[in-house]
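S.K.: Just dropping this structure here.
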Amino acid sequence: MTEKLDVAPLRGMRDFTPVDWVFRKKLLAAFDKASTKTGFLRYETPVVDSYELFERKAGEELSDQIYEFRDKSDRHLALRPEITPTMVRLYMGLKETLPFPAKIWSFGQCFRYERPTKGRYREHFQWNIDIMGEADVSAEAWILFTAVEVMKELGFDAKDYQIRVSSRALLSGFLLKIGVTHERHAALMTLIDKKEKVDAGWLKEEMAALGLTTEQIERLFTLLETHDAAEIGNLVGSENVDYQNLQKLFSFAEALGYREYLQMDPSIIRGLSYYTGIVFEAFDTQRQFRALFGGGRYDALFSRMTGKDIPACGLGFGDGVIRELYTAKFGYPETYEGVDMIVGYYDESLQKPAMEFVQKAIELGIKTDFMLSVQNPKKFFTMANKRHAKFAAYLAPEEYAKGEIAIKNMQTGEQKNHCLTELDRNFLP
RNA sequence: GCGGAUGUAGCUCAGUUGGUUAGAGCGCUGGUUUGUGGUACCAGAUGUCGUGAGUUCGAGUCUCAUCUUCCGCCCCA
């Protein structure tokens, strides 16, 4: 006996049903449209790559959250946890052929073995845009501009979300300035990254445990809690080049029309250790969800991975959180996509004439579904409803004898006969 | 990895201190109407009660294990 098939996907993995596809299509269209509008070129890389590639990128022991395996030739492989390493590989092979600086984008699935929660899976699709070969902060400005365009496409504005901007370089410089040596920066940044979530007292104790003096901690906190640009300038010195870069980013954002989306927030760090300069994260205004997207400048990554010094910055935007935000604002689509027209027929002798009619309609660009077998009228119009067809065209002997087909508007119930062979773009009543 | 909940029809859920053939609404199928859907009325089928063991005369209900989903912690895209 055949055992019952378990229809659920694996833990943390998602099926995209025809209903899910309605939102997914919208999201993809937004990414595609915005990236194309701002001049990015699309690429796509395999989901599987050598383990060594990801190891090289990490520059250290890889997280145990990576999906890794050996293939039949005993090659050590991994499912990509993010797109950046494969993008670097692709770019290195392609860079002489691409315009410079190169603006490229991709949308692909990434895997991470971890505990799933709502909006967080073991697999997700991520939109990535990167600019290679440009050290100026205009690159960051251009990346964020594109992300804002995506959000506009989806129907979100500055009331819905905000992009918090900071600079790792600025923070690092500040730490040195107040006398915190380099080797403690990484551990400290990990702590600062938690700031939103934990108690300030606990955070200060942890910082003290790292050897910071009370005065250093207080000065650091003053910076972290300052969201005013001029104020930050006073703290780090307005001649500070990282500070000037942040200022430039804000003025570019003004030129590109999205200044209202940006907030200065020195406590933004980003978990990934490869960021070197400006970093940013976007959150919904209610702070109900995790970050919508994030990114920044990672000038050191190429030299670490490839030995070539290439300045770069980029952004990653997953499909999980945006879906939650979209659902909260607009509601999630309840049903699958409809068609413009569905075509059915009364008996088998009409199958071929109906098919010829369908062919003409599809050639005109009408989204048309076709009943593959004979349907009596009752069944056919029920199917037309279920298929969410705007129009139902039914071929029966009486009409066929006159060279016509009955077309019914499913919303109004109005029905008219139409010539079977002469269709133009506006033949639907 | 740790702690806490959860799972019954396609969907949302009910199911009394363990007791005969497991229920509702929506949806589905058929009919009222053999050339016309949505509304109405009538009828029907929903099912290994997440899975596997155990206790019991008897388990959807109790025990154990396991899996899923969800919520914290950890981690992070």
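End of the first sequence sits at 471 in our numbering; the numbers just go up one at a time, nothing left out. The C-beta atom is built at its ideal place from N, Cα and C for all residues, glycine as well. Quick caveat: nothing in here was measured; it's all calculated off a predicted structure.
#1: In three-state DSSP terms, what is residue 282?
#2: According to DSSP, is residue 98 helix, strand or coil?
#3: What do you get for residue 428, buried or exposed, if any count of 16 or more other CB atoms within 10 angstroms of its CB means buried?
#4: Could you tell me the alpha carbon to alpha carbon distance between residue 216 and residue 269, rounded to whole angstroms?
#5: For the alpha helix (DSSP H) that contains residue 232, what are its first and last residues?
#6: Indicate the three-state DSSP secondary structure (helix, strand or coil) for residue 43 in the structure shown.
#7: Answer yes or no: do residue 347 and residue 98 have a C-beta to C-beta separation smaller than 9 Å?
#8: Which residue's Cα is closest to the Cα of residue 396: 304, 438, 202?
#9: Kindly confirm or deny that the stretch 54-69 and the stretch 134-141 touch, where touching means at least three C-beta pairs closer than 8 Å.
#10: On the DSSP bridge assignment, give the partners of residue 447 in chain order.
#11: Sort out for me which residues DSSP pairs residue 396 with in a bridge.
#12: Between residue 107 and residue 88, is the Cβ-Cβ spacing less than 9 Å?
#13: Any idea which residues DSSP pairs residue 436 with across the strands?
#14: Please go through the same chain and pick out, in chain order, the residues whose beta-carbon is closer than 7 Å to the beta-carbon of residue 79, but skip the five residues on each side of it.
#15: Measuring alpha carbon to alpha carbon, tell me which residue in 177, 54, 131 is nearest residue 157.
#16: Look up residue 264 in the DSSP assignment and say whether it is helix, strand or coil.
#17: My output table needs one value for residue 110: the three-state DSSP class, helix, strand or coil.
#18: Is it true that the CB of residue 261 sits closer than 9 Å to the CB of residue 277?
#19: What span of residues does the alpha helix (DSSP H) with residue 242 cover, start to end?
#20: With a threshold of 16 other CB atoms inside 10 Å of the CB of residue 211, please say whether the residue is buried or exposed.
#21: Assess, as a yes-or-no matter, whether the stretch 283-298 is touched by the stretch 181-201 under the definition of 3 or more beta carbon pairs within less than 8 Å.
#22: Out of curiosity, what's the CA-to-CA distance linking residue 362 and residue 162?
#23: Could you check whether the stretch 145-153 touches the stretch 68-85, counting it as contact only if at least three pairs of C-beta atoms, one from each stretch, sit closer than 8 Å?
#24: Considering only DSSP beta bridges, list what residue 272 is partnered with.
#25: Taking residue 406 as part of the beta strand (DSSP E), name the residues at either end of that continuous run.
#26: Excluding five sequence neighbours on each side, which residues of the same chain lie with their C-beta closer than 7 Å to the C-beta of residue 409?
#27: Using the beta-carbon count (16 or more within 10 Å), is residue 166 buried or exposed?
#28: Which ranges would you report for the alpha helix (DSSP H) in the stretch 325-374 if only whole runs of at least 4 residues count?
#29: Can you name, in chain order, every residue of its own chain whose Cβ lies under 6 Å from the Cβ of residue 412, other than the five neighbours on each side?
#30: So residue 325 and residue 204 are in contact, right, with Cβ under 8 Å, and what is the actual spacing, rounded?
#31: Which whole-angstrom value describes the C-beta separation of residue 229 and residue 252, a residue pair presumed to lie in contact below a C-beta threshold of 8 Å?
#32: So what does residue 153 bridge to, in DSSP terms?
#33: Note down, one range per segment and in chain order, each alpha helix (DSSP H) of at least 4 residues found wholly within the stretch 45-85.
#34: Assuming residue 210 is part of the alpha helix (DSSP H), what are its boundary residues?
#35: Looking at C-alpha atoms only, which residue of 93, 140, 109, 274 is the closest neighbour of residue 117?
#36: According to DSSP, is residue 93 helix, strand or coil?
M.R.: According to the structure data:
#1: As a first step, residue 282 is located in the first sequence; it is residue number 240 there, counting from the start. In this structure, residue 282 counts as coil in the three-state DSSP scheme.
#2: For this step, residue 98 is matched to residue 56 along the first sequence. If DSSP states are grouped into helix, strand and coil, residue 98 belongs with the helices.
#3: For the purposes of this step, residue 428 is taken as residue 386 along the first sequence, with counting starting at 1. The residue is exposed, with fewer than 16 neighbouring Cβ atoms inside 10 Å.
#4: Here residue 216 refers to the residue found at position 174 of the first sequence. Here residue 269 refers to the residue found at position 227 of the first sequence. Across the structure, residue 216 and residue 269 are spaced so that their CA atoms are roughly 15 Å apart.
#5: Counted from its first residue, the first sequence places residue 232 at position 190. Segment 227-235, the alpha helix (DSSP H) holding residue 232.
#6: Reading the first sequence from its first residue, position 1 is the one you call residue 43. Because residue 43 carries a pLDDT of 46, less than 50, the predicted location of this residue cannot be relied on, and no value is offered for it.
#7: Taking the first residue of the first sequence as position 1, residue 347 is located at position 305. Taking the first residue of the first sequence as position 1, residue 98 is located at position 56. Taking 9 Å as the Cβ cut-off, residue 347 and residue 98 qualify as a contacting pair.
#8: Within the first sequence, numbered from 1, the residue matching residue 396 stands at position 354. If we check each option's Cα against that of residue 396, 438 comes out closest.
#9: no
#10: The residue you call residue 447 lines up with position 405 of the first sequence. For residue 447, which the question treats as bridged, DSSP gives the partners 460.
#11: Working through the first sequence from its first residue, we reach residue 396 at position 354. Residue 396 is not bridged to any residue.
#12: Counting from one through the first sequence, the residue named residue 107 turns up at place 65. Counting from one through the first sequence, the residue named residue 88 turns up at place 46. No, these two residues do not count as a Cβ contact at 9 Å.
#13: One-based indexing of the first sequence puts residue 436 at position 394. 386, 448, per the DSSP bridge assignment.
#14: Here the question's residue 79 lines up with position 37 in the first sequence. Closer than 7 Å at Cβ, skipping near neighbours: 191.
#15: The residue labelled residue 157 in the question sits at position 115 within the first sequence. Comparing Cα-Cα distances from residue 157 to each of 177, 54, 131, the minimum goes to 54.
#16: Start at 1 with the first residue of the first sequence, and residue 264 comes out as number 222. In this structure, residue 264 counts as helix in the three-state DSSP scheme.
#17: In the first sequence, the residue the question calls residue 110 occupies position 68. Reduced to three states, the DSSP call for residue 110 is strand.
#18: The residue you call residue 277 lines up with position 235 of the first sequence. The residue you call residue 261 lines up with position 219 of the first sequence. In this structure, residue 261 lies closer than 9 Å to residue 277 by Cβ.
#19: Taking the first residue of the first sequence as 1, we reach residue 242 at position 200. Here the alpha helix (DSSP H) through residue 242 covers 242-251.
#20: Here residue 211 is taken as the residue at index 169 of the first sequence, counted from 1. When all chains shown are included, residue 211 counts as buried.
#21: yes
#22: As a working note, residue 362 is residue 320 in the first sequence. As a working note, residue 162 is residue 120 in the first sequence. Cα to Cα, the separation comes out at about 6 Å.
#23: yes
#24: The residue given as residue 272 occupies position 230 in the first sequence. In DSSP, residue 272 forms no bridge with anything.
#25: In the first sequence, the residue the question calls residue 406 occupies position 364. That residue, residue 406, is in no beta strand (DSSP E); it is neither H nor E in DSSP.
#26: As a first step, residue 409 is located in the first sequence; it is residue number 367 there, counting from the start. Result list for residue 409: 381, 382, in chain order.
#27: Here residue 166 refers to the residue found at position 124 when the first sequence is read from its first residue. By the 10 Å Cβ count, residue 166 comes out buried.
#28: For the stretch 325-374, whole alpha helix (DSSP H) runs of length 4 or above, ordered along the chain, are 343-348, 361-372.
#29: Start at 1 with the first residue of the first sequence, and residue 412 comes out as number 370. So the qualifying residues of the chain are 385, 400.
#30: To locate residue 325, count along the first sequence from 1; it is residue 283. To locate residue 204, count along the first sequence from 1; it is residue 162. With a Cβ gap of about 6 Å, residue 325 and residue 204 count as contacting.
#31: Taking the first sequence and counting its residues from 1, one reaches residue 229 at position 187. Taking the first sequence and counting its residues from 1, one reaches residue 252 at position 210. Confirmed, about 6 Å.
#32: Against the first sequence, residue 153 aligns to sequence position 111. For residue 153, which the question treats as bridged, DSSP gives the partners 165.
#33: 60-79
#34: For this step, residue 210 is matched to residue 168 along the first sequence. Per DSSP, residue 210 is one residue of the alpha helix (DSSP H) stretching across 210-219.
#35: Stepping through the first sequence from its first residue, residue 117 is reached at position 75. Taking only the C-alpha atoms, the option nearest residue 117 is 93.
#36: Position 51 of the first sequence, counted from the start, is the residue given in the question as residue 93. Residue state, collapsed to three classes: helix.
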